[in-house]
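Undergrad: In this note's numbering, the protein residues as written are 730 to 990. Backbone N, C-alpha and C define an ideal beta-carbon position, used for all residues, glycine too. Okay, handing you the structure first.
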Amino acid sequence: MLDTIQICDSVSSVNTVFDTLNTHFVTSGFDGAINPLPRVTHEALMGWNLMVLAVALLAVVVNKQLFPRQFRQLLSVPGGVAQTNQLLREWLPRRSFIGFSSLIIYVALMGLFVQKSLVALSHDVERYNGVVVFAMICGSVALLLVLRYLVLRIITWLFHTKEAFLRLSAVQLSVTSFSILAMQPVLWLLVYNPYSMVVWTGVGLVAIGVLMRFFMGFFEIKVATKIHSFYIFYYLCSLEIVPMTVLLAAGIRYATTGSVM
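See the structure below:
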């Protein structure tokens, strides 16, 4: 009985010492207030993105079903000058429904690709993922196409090379059709997986399209005109490679630093 009383006294003394050393162990809390932080998300998919991609797919299917021969001829232009000759004997791409619809689809898909690339590279969903930004990018792409068309018109008027203009129009529409088909899977991946690897895959496809326009346009102009090869090369560089390189560098700088300067 005496041992039990001594053990209880020793436990009580230990508890008293512990409470003395740790008087604020349970009763005190944090001095500052805990404010909830907004949830951060890098989700790039929007409902209207799927509508744009669906309309683009539908337009490709409609063009293939309504104009199967013209569709095949556009895709066969990279086969050589003879394919372009056959196409131009039968119809003019720039005055056709398939040509107009392909340009509209191309503008929409390129606008969507640039927008999602900015989202993926900058991780700023609130700034770049809206409809207004998409409309501005589409307007810029359309403006670039209009400027290219005007330059072709001016060159045609200065050097009286109407046939070269028609051939370059066929080449550009052919590459546009290939770009539409090639960018579809990239865009589907990009809206669901906004990763930089997908972005650079799309940039590579765009670069291939630029090179295709360059080399195909070079041979088409060489056949249609007697202009020296150096001047053709200089003209195509100023029309194709230089603008796309400047735009690509400006886009990457804007996505990473917030400024193009």
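#1: Tell me whether the beta-carbon of A823 lies closer than 9 Å to the beta-carbon of S906.
#2: Does any residue of chain B bring its CB to less than 9 Å from the CB of H957?
#3: Who are the near neighbours of Q901 in its chain, counting only those whose CB is closer than 7 Å to its CB and skipping five residues on each side?
#4: State the DSSP-derived secondary structure class of W777, mapped to helix, strand or coil.
#5: Kindly indicate the opening and closing residues of the alpha helix (DSSP H) around R877.
#6: Starting from F842 and walking both ways along the alpha helix (DSSP H), at which residues does that stretch end?
#7: Taking P934 as the reference, give the member of F842, F796, V854 with the closest Cα.
#8: Counting C-beta neighbours from all protein chains within 10 Å, is the total for S958 16 or more, i.e. buried, or is it exposed?
#9: Report the option in T954, K845, S903 whose CA atom is closest to the CA atom of G809.
#10: Which residues in the same chain have their Cβ closer than 8 Å to the Cβ of Q812, if we skip the five residues on either side of it in sequence?
TA: Taking the structure as given:
#1: First, the amino acid is wrong: residue 823 is Arg here, not Ala. Going by C-beta atoms, R823 is not nearer than 9 Å to S906.
#2: The structure shown contains no chain B; it holds only a single protein chain.
#3: R942
#4: helix
#5: 860-888
#6: 826-851
#7: According to the sequence as given, residue 934 is Leu; it is not Pro. Minimum Cα distance to L934 is reached at F842.
#8: exposed
#9: S903
#10: Q802, S805, V806
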